[in-house]
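Just so we're aligned, residue 575 is where the sequence shown starts under my numbering, counting upward by one. Note sheet for the following structure.
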Amino acid sequence: MTPIPRNQSTSLERPGLAHAAGLTEAEIEAIERRYPQGMTVQEIVSEHVERGLRLTEATFRKYVQLGLLPQSVRVGRKGKHRGSQGLYPASAVRQLDHIRRLMARGFTIEEIQKDFLFVRGDIEALRRQLDRIYGAFEEAIGDEAATRGLESQLAEAREAGDELVAKLEGLERQLTLRARMAKAVV
Numbered sequence: 575m576t577p578i579p580r581n582q583s584t585s586l587e588r589p590g591l592a593h594a595a596g597l598t599e600a601e602i603e604a605i606e607r608r609y610p611q612g613m614t615v616q617e618i619v620s621e622h623v624e625r626g627l628r629l630t631e632a633t634f635r636k637y638v639q640l641g642l643l644p645q646s647v648r649v650g651r652k653g654k655h656r657g658s659q660g661l662y663p664a665s666a667v668r669q670l671d672h673i674r675r676l677m678a679r680g681f682t683i684e685e686i687q688k689d690f691l692f693v694r695g696d697i698e699a700l701r702r703q704l705d706r707i708y709g710a711f712e713e714a715i716g717d718e719a720a721t722r723g724l725e726s727q728l729a730e731a732r733e734a735g736d737e738l739v740a741k742l743e744g745l746e747r748q749l750t751l752r753a754r755m756a757k758a759v760v
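Below is the structure:
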């Protein structure tokens, strides 16, 4: 990673250039599609550095410690005696971008921690867990004609789960907006 000279300003230091401080929506979506099973911290850092954005493993891990980013999940590696590795959901890249934009608007880490609900990672984890549950039920139900009633019940459960996740996301957006409005008044 090439250090930025002290006298050179970065987009992260200039309020008002919030989107320039991070990734575009298209870049975030591409990363999320490329890593559906999750990303190592090294992959996350690499994706940022390749785009000219400053990020270190230490900074990323600090955000995780502070609860701003989701915890990793230990996943076994294929092969004998290969151990496991920590994978973060690809949505952590979106959350990291959100943190960058808030900081570009002048929020401190402490304000972000206090004023913004960072439950997005938990909501994404809930969505992934629900998808695993739906998959397990679909597999158990199978294609038998006798299970048609179960399929409709599962479809209803999936719809209720989607509605719950959407409501939680909406609630988080409203509370985040409230915190932003309070900051704008000050």
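Backbone N, C-alpha and C fix where the C-beta goes; we use that ideal spot for every residue, glycine too.
- Taking the Cα of D736 as reference, the smallest distance to any Cα among R722, R701 and G716 is reached at R701.
- A straight line joining the alpha-carbon of Q669 with that of V638 spans about 11 Å.
- I707 sits away from E743, with the two beta carbons spaced by 8 Å or more.
- Straight-line spacing of the CA atoms in E725 and A699 works out to 24 Å.
- For the pair P644 and G612, the Cα-to-Cα distance works out to about 11 Å.
- Around the Cβ of L745, a 10 Å sphere holds fewer than 16 other Cβ atoms; the residue is exposed.
- In this structure, the beta-carbon distance from A664 to E601 does not fall below 8 Å.
- Here E599 is actually not in contact with V667; their C-beta atoms are around 11 Å apart, not less than 8 Å.
- Separation of F634 and I686 (C-alpha to C-alpha, rounded to the nearest whole angstrom) is 15 Å.
- In the three-state DSSP reduction, R625 falls in the coil class, being neither helix nor strand.
- Excluding the 5 residues flanking it on each side, I618 has same chain C-beta neighbours closer than 7 Å at F634, Y662, A666 and V667, in chain order.
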